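Below: the structure, in structure tokens.
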Amino acid sequence: MDFLQFLAIFLVTILLIRTIINVFKPNHLPPSPFGLPIIGHLHLVSLPTHRSLHKLSLRYGSIFSIRLGSIPGVVISTPGLAKEFLKTNELSFTSHINTIAISATSNDFSMSFSPYGPYWKFIKKLVMNELLSSRCVGNFLPFRTEEYRRFFRFLAAKSESVEAVNLSLELRKLTNRLASKMILGVDVEDMLEEIRTAILDTGHVVGGFNLADFFWFCKGFDLQGFGKKIEYVNARNESLFEKIICEREDLRKKYKEDDKEIKLKSLLDVLLDVSEDENAEIKITRLHIKALLLEFMNGSTDTMAMTVEWAIAEMINHPQVFEKARDEINRVVGKDRLAGESDGSNLPYIQAIVKETLRLHPTFPILMRKCVQECQIGGKYIIPENTTLFVNAWAIGRDPNHWENPLEFRPERFLPQQVEIDGEKMNTGFVDVRGQHFQVLPFGSGRRMCTGMSLAMYILPGLVAGLIQCFDWKVGSEKMERDDNIVLDMDEAPGASAPRAYDLVCVPVARFVP
Numbered sequence: 000m001d002f003l004q005f006l007a008i009f010l011v012t013i014l015l016i017r018t019i020i021n022v023f024k025p026n027h028l029p030p031s032p033f034g035l036p037i038i039g040h041l042h043l044v045s046l047p048t049h050r051s052l053h054k055l056s057l058r059y060g061s062i063f064s065i066r067l068g069s070i071p072g073v074v075i076s077t078p079g080l081a082k083e084f085l086k087t088n089e090l091s092f093t094s095h096i097n098t099i100a101i102s103a104t105s106n107d108f109s110m111s112f113s114p115y116g117p118y119w120k121f122i123k124k125l126v127m128n129e130l131l132s133s134r135c136v137g138n139f140l141p142f143r144t145e146e147y148r149r150f151f152r153f154l155a156a157k158s159e160s161v162e163a164v165n166l167s168l169e170l171r172k173l174t175n176r177l178a179s180k181m182i183l184g185v186d187v188e189d190m191l192e193e194i195r196t197a198i199l200d201t202g203h204v205v206g207g208f209n210l211a212d213f214f215w216f217c218k219g220f221d222l223q224g225f226g227k228k229i230e231y232v233n234a235r236n237e238s239l240f241e242k243i244i245c246e247r248e249d250l251r252k253k254y255k256e257d258d259k260e261i262k263l264k265s266l267l268d269v270l271l272d273v274s275e276d277e278n279a280e281i282k283i284t285r286l287h288i289k290a291l292l293l294e295f296m297n298g299s300t301d302t303m304a305m306t307v308e309w310a311i312a313e314m315i316n317h318p319q320v321f322e323k324a325r326d327e328i329n330r331v332v333g334k335d336r337l338a339g340e341s342d343g344s345n346l347p348y349i350q351a352i353v354k355e356t357l358r359l360h361p362t363f364p365i366l367m368r369k370c371v372q373e374c375q376i377g378g379k380y381i382i383p384e385n386t387t388l389f390v391n392a393w394a395i396g397r398d399p400n401h402w403e404n405p406l407e408f409r410p411e412r413f414l415p416q417q418v419e420i421d422g423e424k425m426n427t428g429f430v431d432v433r434g435q436h437f438q439v440l441p442f443g444s445g446r447r448m449c450t451g452m453s454l455a456m457y458i459l460p461g462l463v464a465g466l467i468q469c470f471d472w473k474v475g476s477e478k479m480e481r482d483d484n485i486v487l488d489m490d491e492a493p494g495a496s497a498p499r500a501y502d503l504v505c506v507p508v509a510r511f512v513p
């Protein structure tokens, strides 16, 4: 018997012994489907993951245990359970799940995937006080406004020539330009395309299925070639961000020599300031800076574009919503100027459209946390340390116990309404998406919720309003006969962020050119 045969038999024996022990030892975990040796319940989970977990919840309950290879987990699918896990027992779930690819591409310096501790608190405070403060967001408003105008003029030119536009792609390009300016201080077109390619390739590596993440005995082997892919992506990212940092340092040096200050400070400027501060609370190195730049670009480039894309697709399928939204814009903004970000707070129906889109199509349909200390749920179940928590935000947003006709796209459900309950008049419709109402959790909840939530909810209504105000949308391409009765396919592509399965290709019909 050669060594490899012996090793294989040894591993199988160990795994079978562990499986038998786990089957017969008493536990206080939530109920679980029948699992197989070694793979656990991996055979029950298909893509899209949130849909397959939802199907399992219909059979095994709103809370159930699951084992993905050697990874123990708990899946929850109701607002009440989400509140108990993410609020009542928040301190037990203050860390995100870190994979091999995430660890390698970030050098373990990511903010989102760092343990809840001094480093995470320092970086979050820095980002909230500098990049996402009302002052900084306001400083970049003229830049964003000009980018919106440029975008709408591009669409108007396509309208004049009756050309179809891949709106999905163009929205991603727009949000890439916005994010690159605010995060990197970059607005050069050639550099933007290089940044976008790097972000896409990093996303593919991070979002891929790596056996080593699920089977401890695979960690020493690169069975799928992930190691080589990660090395390639890391080398390119290293070169790209080093170039960006060096160019920014040269610009900062020139401004300093001329006794001037950079008016629009990007996140990169803030991080460079901290790295040069010998009295900083935490020392930031070049590796930290590169990891954080990559993380924030990756988190902001496609997420907003995806939400706008879903919103437009839903309104194409529901023209009455589109017309109602346009009526609100005409009434509040008028027909002589472009609706902008500052109008968002005065457009409640547009805000409701964004919230309804996030309810049906959350950017991250599965929220994952790591249990850092054992806790008890409902006085009944014990959740052990190192258990992975899967919060099915997609299923929660469609829970029929909390939403009337949950599969229907109806923004009116987010508008304030006065109803009479038991003879008493009460206001409803004040459900928000900022993590305090657990029946809709597109950004998560608690300390580890999405950092960019406030910026997204400030930008999205204005951008959606502009697309409604300036254009009608015809489905198809210039080579197809357009039909106003076409219903868009609303299928999702596999992936952590559940984008549309097919790009949204439309012919814009200009109504107002800014």
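Numbering (numbering that gives the first Met the number 0), first residue to last: 0 to 513.
Every residue, glycine too, gets a C-beta built ideally from N, C-alpha and C.
Quick caveat, the model's predicted, so the values are computed rather than measured.
Note the first and the last residue of the continuous beta strand (DSSP E) segment covering residue i.
i, result
"C245", "From DSSP, C245 is part of no beta strand (DSSP E) but of the alpha helix (DSSP H) over 225-256."
"C374", "374-376"
"V430", "Looking at the DSSP string, V430 is not in any beta strand (DSSP E), and its letter there is neither H nor E."
"P507", "504-509"
Residues in its own chain within less than 7 Å of residue i by CB, not counting five upstream and five downstream?
i, result
"M305", "T362, S496, P498"
"Y118", "I281"
"Q4", "none"
"N297", "I198, T201, G202"
"P493", "L46, P47"
"N97", "F112"
"S94", "P114, Y115, R368, K369, V371"
"P441", "L357, P361, T362, A392, V432"
From the DSSP output, in three-state form, read off residue i for me.
i, result
"L41", "helix"
"I381", "strand"
"T157", "With the sequence shown as reference, residue 157 is identified as Lys, and Thr is not the correct amino acid for it. Here K157 sits in helix by DSSP."
"W402", "coil"
"Q416", "strand"
"A163", "coil"
"L346", "coil"
"K54", "helix"
"K282", "coil"
"F363", "coil"
"S179", "helix"
"P513", "coil"
"L173", "helix"
"V353", "helix"
"Q438", "coil"
"R397", "coil"
"L168", "helix"
"V307", "helix"
"H27", "coil"
"F220", "coil"
"E480", "In this predicted model, E480 has a pLDDT of only 40, less than 50, meaning its place in the structure is not dependable enough to derive any value."
Following the continuous alpha helix (DSSP H) through residue i, name the residue where it begins and the one where it ends.
i, result
"V331", "318-331"
"K289", "285-299"
"Y457", "452-469"
"A197", "188-206"
"D272", "266-275"
"D335", "No alpha helix (DSSP H) holds D335; DSSP gives it neither H nor E."
"L263", "Premise fails: L263 is in no alpha helix (DSSP H) and is neither H nor E."
"F518", "Summary: the structure shown does not reach residue 518, with the chain confined to residues 0 through 513, and so no result is reported for it."
"L210", "210-213"
Since residue i sits in a beta bridge, which residues does DSSP pair it with?
i, result
"T387", "G72, K369"
"C449", "Partner(s): none; C449 has no beta bridge."
"G63", "For the sequence presented, residue 63 should be read as Phe rather than Gly. V74."
"E491", "R499"
"L35", "G39"
"V474", "C505"
Can you name, in chain order, every residue of its own chain whose Cβ lies under 6 Å from the Cβ of residue i, other than the five neighbours on each side?
i, result
"M479", "Model confidence at M479 stands at a pLDDT of 36, short of 50, so the residue's coordinates are unreliable and nothing is read from them."
"E89", "G445"
"I122", "M110"
"L130", "L266"
Please work out which residues of its chain come closer than 8 Å, Cβ to Cβ, to residue i, disregarding the five sequence neighbours upstream and downstream, and give them in chain order.
i, result
"E294", "S105, S109, M110, S111"
"V307", "L170, L459, L462, V463, L466"
"F63", "P29, P30, S31, P32, L55, S56, V73, V74"
"E83", "I376, G377"
At least one CB of chain B closer than 8 Å to the CB of residue i: is that the case?
i, result
"R58", "Absent here is chain B; the protein component of the structure consists of one chain."
| task | Ignoring anything shorter than 4 residues or poking outside the region 100-143, list the alpha helix (DSSP H) runs there in chain order. | result | Secondary structure in the region 100-143: the alpha helix (DSSP H) runs of 4 residues or longer, each lying completely within the stretch, are 117-125, 133-138 in chain order.
| Start-end ranges of the beta strand (DSSP E) lying completely within the region 67-104, minimum 3 residues | Taken in chain order, the complete beta strand (DSSP E) segments of 3 residues or longer contained in the region 67-104 are 70-75.
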